[in-house]
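What follows is one structure encoded as structure tokens, with my remarks underneath.
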Amino acid sequence: LLATSTTRFEYKYNNRRDPIQITVYELDKPTQIIYQKIQYRNNDNIPISFSIQTLGLPIIPVKLFNEENHSLFLVDTGSDRSIMDITVYNHFKDKITNSEQGQNIITTNGQTSSTLIAQFIFTIDDTLKFSEPFTCMECSVGFNQIEKETGYQLHGILGTDFLVKHQWKIDFEKLQIHI
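As numbered in the numbering used here, residues 1167 to 1345 make up the sequence shown, in order.
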């Protein structure tokens, strides 16, 4: 389930080969469906058509540390590193086994921010499993602005460090990520 400020997403599928059923509900009317779509996929692609067409951003749902609820990651080719909001780090810090002090970095708004580097375990489609380092820092200003504009709360960013390491390619013509 993907929680936003006013809506809830539900993704249903049995395995990686099945189509995804995407259903969106109002939080205050949990049985009222706002939107429903069946989206087909294959083993070598992650569809991003729904998030691109709806939000204008390539966003994928992930499960952090096998939690039931999904978190939302922006796939960002303009970010040289993968980033996790510090509130997500604080929520999962008991499950994180490897973390260390990171570097101070200058953010897009010109502020200097201290960071932590932490290893997060996450899955995509319940079959793609990763254990990756993320730079953990305060992201509320940027993430809150995206939530204000789209209604969706981001939790992290998959940057070019991850994309290059795993050789992912974004296909904007077909609106999918080749993995």
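Each residue gets a CB set at the ideal place from its N, CA and C atoms; glycine is no exception.
Whether Ile-1318 touches Leu-1221 by CB criterion (8 angstroms) = Note on residue identity: the sequence assigns Tyr, not Ile, to residue 1318. Against a cut-off of 8 angstroms, the Cβ pair of Leu-1221 and Tyr-1318 comes out as a contact.
Taking Cβ to Cβ, would you say Gly-1325 is nearer than 8 angstroms to Asp-1242?
-> yes
Tell me Phe-1300's beta-bridge partners as DSSP assigns them.
-> Ala-1284
Going by CA-CA distance only, name the one from Glu-1233, Gln-1311, Phe-1288, Leu-1320 that's closest to Ile-1252.
-> Among Glu-1233, Gln-1311, Phe-1288, Leu-1320, the Cα nearest to that of Ile-1252 belongs to Leu-1320.
The alpha helix (DSSP H) spanning Ile-1218 covers which residue range?
-> 1215 to 1221
Does the beta-carbon of Ile-1272 have 16 or more other beta-carbons within 10 angstroms, so that it is buried, or is it exposed?
-> exposed
Roughly how many angstroms separate the alpha carbons of His-1236 and Gly-1322, rounded to a whole number?
-> 12 angstroms
To which residues of the same chain is Phe-1296 closer than 6 angstroms at the C-beta, ignoring the five residues directly before and after it?
-> Excluding residues within five positions, the ones whose Cβ falls inside 6 angstroms are Phe-1288.
Kindly list the residues whose CB is nearer than 6 angstroms to the CB of Pro-1299, restricted to its own chain and excluding five residues on each side of it in sequence; keep chain order.
-> Ile-1283, Gln-1285
Count the other C-beta atoms from every protein chain shown that fall within 10 angstroms of the C-beta of Ser-1291, then say buried if there are 16 or more, exposed otherwise.
-> Checking the sequence, you will find Asp at residue 1291 rather than Ser. Looking at its Cβ environment, which holds 16 or more other Cβ atoms inside 10 Å, Asp-1291 is buried.
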